[in-house]
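Residue numbers (UniProt numbering): 1 to 125.
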């Protein structure tokens with residue numbers, strides 16, 4: 001037997017803002033709300049599907065910047081440059097963590113400063 005990741009929880013100052021952002025990035029929809037937290041996930045699947053849901057949990061003191069665990073994303077229907085432009089238009093911003101400029105990925109930050117990477121390889125949706 002093994003375990004599977006069912007949900008990721010991100011403490012944040014503004015769950016509404018990050019729910020909109022990450023839903024736009026991942027094509028997720030709102031699945032529910034409980035005690036100020038917003039759960040987002042794949043449409044028509046929800047909790048328990050193959051992809052984990054994300055819970056944006058309100059916090060008075062969320063950690064930002066380089067977290068011990070970060071999210072990597074891949075484009076599914078366009079090349080990396082087009083996806084980078086889309087993510088920046090959604091509210092992501094470039095993050096400098098000492099890259100050389102030769103990397104095959106882009107380091108970005110969400111609207112609250114949580115770092116994530118856009119990888120080069122395009123994946124099937």
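Ideal placement from N, C-alpha and C gives every residue a C-beta, glycine not left out.
- DSSP places residue 57 inside the beta strand (DSSP E), whose first and last residues are 53 to 58.
- Pairing residue 42 with residue 82, the inter-Cα distance amounts to about 22 Å.
- In the three-state reduction of the DSSP assignment, residue 86 falls in the helix class.
- Ranking 93, 3 and 85 by CA distance to the CA of residue 109 puts 93 first.
- The region 28 to 35 makes no contact with the region 66 to 83; the number of CB pairs closer than 8 Å stays below 3.
- A distance below 8 Å between beta-carbons, with the five flanking residues on each side excluded, links residue 97 to the following residues of its chain, in chain order: 66, 107 and 115.
- Its Cα nearest to that of residue 89, the residue 20 stands out among 63, 20, 123 and 104.
- Within the DSSP bridge table, the entry for residue 42 names 28 as partners.
- Burial state of residue 87 is buried, judged by a 10 Å Cβ sphere holding 16 or more other Cβ atoms.
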